[in-house]
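Peer 1:
Chains as they are written, first to last, in my numbering: chain V, 1 to 451; chain S, 452 to 931.
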C-alpha cells in the first residue's frame, strides 16, 4: 500500500505555515501494473510506484502551481521559495475569487482489496487461460491488462481535507485472425466482477471469419455500440458541457439553454457518485461531486463548474475541477447517458440496411460549435441487411456532428456499459463513461480504409 | 550514484538475467500560459526516478520507483525480475537482442542560453506583450500565448557495460487568436497551432520566433476567417505549407514505419500499420521525388538526441528513397527481422516508462521549386496552412486533416481565403501524387511535442523537416 495518509500531519503543518493568502496541496500516489500482449504472447509487463505533490498558492490573486515527486521536507521548502519569486512577477488575475471552503462529501466505496491479489504471476495465469481459449477457436488475442491503486489527498488553507483510495482494473481485448477482429473491454473498481472467460467469449463472438467487403461512403442508418457512443459523449463533454467553454463562447450550448437540441429520448449527465460508473466523490479541489444534467429529455440544461469558473459567475463549484494547472476547463469525467427501452437485438432487427459500429478510433474535432467530429471505425464494423448482421466491412471514416446524430436517435438500448480508454498519460486516474447502444437514423461516412 | 547503479547491474548478473538496464531520469519543466491578458498558468514541475528493465528467459520485466536509494533500487530490481519470470511462462517467441558494443559517453544538446536561467519576468513580459497585440482586433475573443521549457538529464547503464549520460534541453512558444461571432469560431496561430513550435535549442529559439512581429497578422486572419467562404467540396490540386506537411509526414509516414506497430505490439492502443516487413526495399510509398530520412542528429530538431534509451547512438538513416520504402524505425529487438541493425529509435517518456520505438526527426528532403513557382504552375487548387485537426485509421491508411486557413488558387495565383478547410486521402496514393516540393530555402523543422503512443501512455517529442509541396487529385471539403 502507498499510505499517503501518514503524510497528513506534515502536509497540514506546511499549509498552516504557508506565507501565501491561500494554499492548496494535492497528493496523488499510485501503485500500478500493466501487461500488454499481442498475437497471444506477452511482450510488455511493467509496474510503477510514484507519488506527486501539486502545490497551488495564491498571493494577491496571483496563482502559481508547482509540481514535484521529490517529497523531502527540503524539496517542499524549496517549492515555497520558488512560488514566492514567481508570484511576485505576475499581474493579478482579478477573476479569481477563492479556493473552495470545506464541505463534507459522501462515503463511496472506491477501493476493493481484491486488487492486491493481482500479482504478476496471477495476471500471467489469467492471460494464459485467455490465450488457450482463443487458440481453440483458431484466433489470436491482443490487448492490455492494467490494475492499480491510487490515493488522492486534497488539503487547503480554508479547511478542505479530502482523502480517497481507489482501485481499478482495465482490460482491453482484441481477438483476431487474418481477416477480421472483435473487441470487448472491461473496467471496474471491483476486480472480483472480472471474468476473463465471458470477456473472451464476447470478443470471439464478434469475429466473423469471412473477408471484409468495402461499401461506398454515404449516409447510413447505424447501430452504435456503447464504446462508440461513449466516445461521442466524451467529445461533447470536452467541447461544450463545461463552464469554461461556455464563458469563452465556444460551447455549442451558447444561448441555447432551455432549447430542445437533441432527441427527447436523450438524457446525458455527469454523476460522480453513481456506482455503475467509476465513482469519484470529490474533485481535485476537494469539492464534493454534484450531479449535473446536460441534456434532459433532449433539452439543453446546464454545465459543470470548478471554483474558478464558478467564482466568475458568483455560483458554486459543481465539483469538477481537474488537476492543476488545468487550462482545459472543468471537463466532466463521469458521464452517463440514460438507457432506453430496447434490446440491442431489437434495434438490429429494425434496420433494413445499415451499419453496425463497435467502436471508433482516433476521433478528432472538425467544427467545435457544431460538434462535428471525424474518426474511423475499428474492430468490428458490419453491414446490417434485413434486420441481421450479414458481413464484416472495411473500416469507415465518419465525419458527422455528434449533436446531429443524437437528434436522429431512433432507439436507445436498455443495457448500458461502462467504457474507458483506460489510457494513462503521466498520472494514473482512470475515468469512464456509461453509455447505451443507440440506433441513429442517418450517420455520415465520408470514406473507407482501403489501399 | 554510479555505485548505486553498479550495485543493481552486479545483482542482475548474479541472478543470471539475459540482460538488464537501468535508467535514472530527472526532468524539469516550466510552462507559462497567458490568456486574455492574464497569466492563466505559471507552472513548474520536477520529476525524478529510475526504471529497471530485465530480460529473463526471453521475457521482459520492468519496474520503477521515484525513491532513489539502495534498498528501493534492489526492491524494484526484484520486482522487475519477478515480472520477467512470470511473463516468461506466457512467451511464444523469446526476445532476441542484437549484439552491440558497450558505450561510455555523454551528450548535451548545444544551446546558447539556458531557458531555465532566463528570469520569469522576462518570459512573462514577452508573452504578455505578444498576447496584447492579438487583442487589437475586437472580434478576437480569446487571445493566448504560451512558452514551455523542458530539461531532461538521464543516465543509461546496462549489464553489457554501457554508461551514458545525456542532458537535453528543449523550448518553444507560440501565440493564437480565436475570433468569435455568433456561432462561428475561427482560430489562427503562429508559428504553429497547439502551442507553437519547439526545438532542442535554448532561449535564443524563443527570441528568434519574433512572436510580437506576427501577432497583428494572426489576429487579422482570425477575424477575416469569420467572413471567408467555406472550403469547397471537390477533388483538386492541393498545396500544403510546411507546418501542415510536417503533421502529414508524422501521421502517414512516421507512425506506419514504426517496427513495433508493424509487428503488432501496438495493436491494443495506437494500432498497427499497413506496412509489412517484406515491403521494405520494394514498396512504392510515394512518387520518385519523395526522399524521407529519420535523422536523430539534425541540430535543433525536437527528435534530436545523442543515444536512444537502449544505448544506441543517434543516426541519420534513409527511410524512403526515390519513393521506395528502404527502411523502418527499429530497435535492438526488431531490426534483425529486416536483416539490419537498430537505427536507434527506442525512447521512453521518463523514468517510469519503458522505451518504445519512436520517431526521431522524420524529414521530407527538399525539392527544387520555389513556393511561388509551385503556385504559379497550378491552374486550380487550394493552398492550406497550419493544422487544426487530424485523424487516421489504426493501420494508417485513411487520413483526414483540417487546417486553420486556406486560399483558393486560380490560374497560378492565390485567390480568396477559405475557412474550415479539410482534406482526406489514402496514404500511398496521396504520397504518389506529389509532383512538386519546394527547395531548401522553404524547408523548416517543426517540433511535435505531443506524440502519444503506448500503454501506459507515453508522450514523445519528435521533429519533422518539410518544405511546401503539391499533391494532385485530392478530395477537399470533407463535409456532408
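Using N, Cα and C, we set each Cβ at its ideal position, and we do this for glycine too.
Model, not experiment: these values are computed from the prediction.
Of the residues S:485, S:546, S:475, which one's Cα is nearest the Cα of residue 469 (chain S)?
Peer 2: Position 18 of the second chain, counted from the start, is the residue given in the question as residue 469 (chain S). The shortest Cα separation from residue 469 (chain S) among S:485, S:546, S:475 belongs to S:546.
Peer 1: Could you pull out every unbroken alpha helix (DSSP H) segment of at least 4 residues lying fully inside the segment 512-558 of chain S, listed in chain order?
Peer 2: Within the segment 512-558 of chain S, the complete alpha helix (DSSP H) runs of at least 4 residues are 521-538.
Peer 1: Any beta carbon of chain V sitting closer than 7 Å to that of residue 568 (chain S)?
Peer 2: Taking the second chain and counting its residues from 1, one reaches residue 568 (chain S) at position 117. No, its Cβ sits nowhere closer than 7 Å to a Cβ of chain V.
Peer 1: Which residue's Cα is closest to the Cα of residue 455 (chain S): S:688, S:475, S:582, S:649?
Peer 2: As a first step, residue 455 (chain S) must be located in the second chain, where it is residue number 4. Out of S:688, S:475, S:582, S:649, S:475 has the C-alpha closest to the C-alpha of residue 455 (chain S).
Peer 1: Secondary structure at residue 590 (chain S), three-state DSSP: helix, strand or coil?
Peer 2: Start at 1 with the first residue of the second chain, and residue 590 (chain S) comes out as number 139. Residue 590 (chain S): coil per DSSP, three-state reduction.
Peer 1: Any chance the segment 594-605 of chain S sits against the segment 208-226 of chain V, with 3 or more Cβ pairs inside 8 Å?
Peer 2: In short, these stretches do not touch, since the Cβ pair count stays below three.
Peer 1: Residues in the same chain with beta-carbon distance under 7 Å from residue 604 (chain S), minus the five sequence neighbours each way, listed in chain order, please.
Peer 2: The sequence position of residue 604 (chain S) within the second chain is 153, counting from 1. Excluding sequence neighbours, residue 604 (chain S) sits near 477, 618.
Peer 1: Going along chain V, which residues have a C-beta under 7 Å from residue 930 (chain S)?
Peer 2: As a position in the second chain, residue 930 (chain S) is number 479, starting the count at 1. Result: 399.
Peer 1: From residue 65 (chain V) to residue 147 (chain V), what does the alpha carbon distance come to, in whole angstroms?
Peer 2: Indexing the first chain from 1 puts residue 65 (chain V) at position 65. Indexing the first chain from 1 puts residue 147 (chain V) at position 147. Roughly 29 Å separates the two Cα atoms.
Peer 1: Does chain V have any CB closer than 7 Å to the CB of residue 803 (chain S)?
Peer 2: Indexing the second chain from 1 puts residue 803 (chain S) at position 352. Yes, its Cβ sits closer than 7 Å to a Cβ of chain V.
Peer 1: Please tell me whether residue 599 (chain S) has its Cβ less than 7 Å away from any Cβ of chain V.
Peer 2: Along the second chain, read from residue 1 onward, the residue named residue 599 (chain S) stands at position 148. No, no contact with chain V.
Peer 1: If contact is defined by three or more beta carbon pairs under 8 Å, each pair taking one atom from either stretch, is the segment 179-189 of chain V in contact with the segment 197-213 of chain V?
Peer 2: A contact exists between the segment 197-213 of chain V and the segment 179-189 of chain V.
Peer 1: Looking only at DSSP bridge pairs, what is residue 154 (chain V) linked to?
Peer 2: Mapped onto the first chain, residue 154 (chain V) falls at position 154. DSSP, once it has assigned bridges, lists V:26, V:162 as partnering residue 154 (chain V).
Peer 1: Under the three-state reduction of DSSP, which class applies to residue 1 (chain V): helix, strand or coil?
Peer 2: As a position in the first chain, residue 1 (chain V) is number 1, starting the count at 1. Here the model assigns residue 1 (chain V) a pLDDT of 45, short of 50, so the residue's position is not dependable and the matter cannot be decided.
Peer 1: Please confirm whether residue 248 (chain V) has its beta-carbon closer than 7 Å to some beta-carbon of chain S.
Peer 2: Along the first chain, one-based indexing puts residue 248 (chain V) at 248. Interface residue, yes.
Peer 1: Which residues in the same chain as residue 610 (chain S) place their Cβ atom closer than 8 Å to its Cβ, once the five residues preceding and following it in sequence are excluded?
Peer 2: Taking the first residue of the second chain as position 1, residue 610 (chain S) is located at position 159. Cβ within range, chain order: 460, 463, 464, 468, 470, 471, 472.
Peer 1: For chain V, find out if any of its Cβ atoms is closer than 7 Å to the Cβ of residue 849 (chain S); answer yes or no.
Peer 2: To locate residue 849 (chain S), count along the second chain from 1; it is residue 398. Yes, residue 849 (chain S) lies at the interface with chain V (some Cβ there is under 7 Å from its Cβ).
Peer 1: Measuring alpha carbon to alpha carbon, tell me which residue in S:917, S:499, S:607 is nearest residue 699 (chain S).
Peer 2: In the second chain, counting from the first residue as 1, residue 699 (chain S) sits at position 248. Here the closest residue by C-alpha is S:917.
Peer 1: Please confirm whether residue 565 (chain S) and residue 653 (chain S) have their CB atoms less than 7 Å apart.
Peer 2: Here residue 565 (chain S) refers to the residue found at position 114 when the second chain is read from its first residue. Here residue 653 (chain S) refers to the residue found at position 202 when the second chain is read from its first residue. Result yes, Cβ atoms of residue 565 (chain S) and residue 653 (chain S) sit closer than 7 Å.
Peer 1: Between residue 233 (chain V) and the rest of its own chain, which residues show a CB-CB distance below 7 Å, the 5 nearest in sequence each way excluded?
Peer 2: Within the first chain, the letter at position 233 stands for residue 233 (chain V). 268, 335, 337, 433, 435, listed in sequence order.
Peer 1: Against residue 873 (chain S), what residues of chain V qualify as contacts under a CB-to-CB distance less than 7 Å, listed in chain order?
Peer 2: Translated into positions along the second chain, residue 873 (chain S) becomes position 422. 366, listed in chain order.
Peer 1: By the DSSP assignment, the beta strand (DSSP E) with residue 10 (chain V) in it spans what residues?
Peer 2: Position 10 of the first chain holds residue 10 (chain V). Not the beta strand (DSSP E): residue 10 (chain V) falls in the alpha helix (DSSP H), residues 8-17.
Peer 1: Within its chain, find whatever has a CB closer than 6 Å to the CB of residue 453 (chain S); leave out the 5 residues flanking it on each side and keep chain order.
Peer 2: Against the second chain, residue 453 (chain S) aligns to sequence position 2. There are no such residues.
Peer 1: With a cut-off of 8 Å, do at least 3 Cβ pairs link the segment 291-304 of chain V to the segment 257-267 of chain V?
Peer 2: In short, these stretches touch, since the Cβ pair count reaches three.
Peer 1: Any contact of the segment 518-525 of chain S with the segment 271-286 of chain V, i.e. 3+ C-beta pairs under 8 Å?
Peer 2: Counting Cβ pairs under 8 Å, fewer than three are found: no touch.
Peer 1: Between residue 376 (chain V) and chain S, is there a C-beta pair that is closer than 7 Å?
Peer 2: Here residue 376 (chain V) refers to the residue found at position 376 when the first chain is read from its first residue. Yes, residue 376 (chain V) counts as interfacial toward chain S.
Peer 1: Would you tell me roughly how many angstroms separate the C-alpha atoms of residue 138 (chain V) and residue 211 (chain V), rounded to the nearest one?
Peer 2: Position 138 of the first chain, counted from the start, is the residue given in the question as residue 138 (chain V). Position 211 of the first chain, counted from the start, is the residue given in the question as residue 211 (chain V). Cα-Cα distance, rounded: 16 Å.
Peer 1: Along chain V, which residues have their Cβ under 8 Å away from the Cβ of residue 792 (chain S)?
Peer 2: By one-based count along the second chain, residue 792 (chain S) stands at place 341. Correct list: empty, because the minimum Cβ distance to chain V is about 21 Å.
Peer 1: Express the C-alpha separation of residue 515 (chain S) and residue 500 (chain S) in angstroms, rounding to a whole number.
Peer 2: Translated into positions along the second chain, residue 500 (chain S) becomes position 49. Translated into positions along the second chain, residue 515 (chain S) becomes position 64. Those two C-alpha atoms are separated by around 7 Å.
Peer 1: What residues match up with residue 447 (chain V) in a beta bridge as DSSP calls it?
Peer 2: On the first chain, residue 447 (chain V) is found 447 positions in, with the first residue counted as 1. According to DSSP, residue 447 (chain V) bridges with V:397.
Peer 1: Figure out for me which residue from S:491, S:818, S:538 has the closest Cα to the Cα of residue 509 (chain S).
Peer 2: Walking along the second chain from the start, residue 509 (chain S) turns up at place 58. Ranking the options by Cα distance to residue 509 (chain S), first place goes to S:538.
Peer 1: If you follow the alpha helix (DSSP H) that residue 178 (chain V) is in, where does it begin and where does it stop?
Peer 2: Counting from 1 along the first chain, the entry for residue 178 (chain V) is found at position 178. Note, residue 178 (chain V): premise wrong, no alpha helix (DSSP H); not H, not E.
Peer 1: If you count every other CB in all the chains shown that lies within 10 Å of the CB of residue 117 (chain V), and 16 or more means buried, which is it?
Peer 2: Here residue 117 (chain V) is taken as the residue at index 117 of the first chain, counted from 1. Result: exposed.
Peer 1: Do residue 394 (chain V) and residue 315 (chain V) have their C-beta atoms closer together than 7 Å?
Peer 2: If you number the first chain from 1, residue 394 (chain V) lands on position 394. If you number the first chain from 1, residue 315 (chain V) lands on position 315. No, they are not a contact pair.
Peer 1: Which chain V residues are close to residue 893 (chain S), counting only those with a beta carbon under 7 Å from its beta carbon?
Peer 2: As a working note, residue 893 (chain S) is residue 442 in the second chain. Near residue 893 (chain S) there are no residues of chain V at all, since even the closest Cβ is about 28 Å away, more than 7 Å.
Peer 1: Count the other CB atoms, across all protein chains shown, that sit within 10 Å of the CB of residue 928 (chain S); report buried if there are 16 or more and exposed otherwise.
Peer 2: The sequence position of residue 928 (chain S) within the second chain is 477, counting from 1. Buried, because 16 or more other Cβ atoms sit within 10 Å of the Cβ of residue 928 (chain S).
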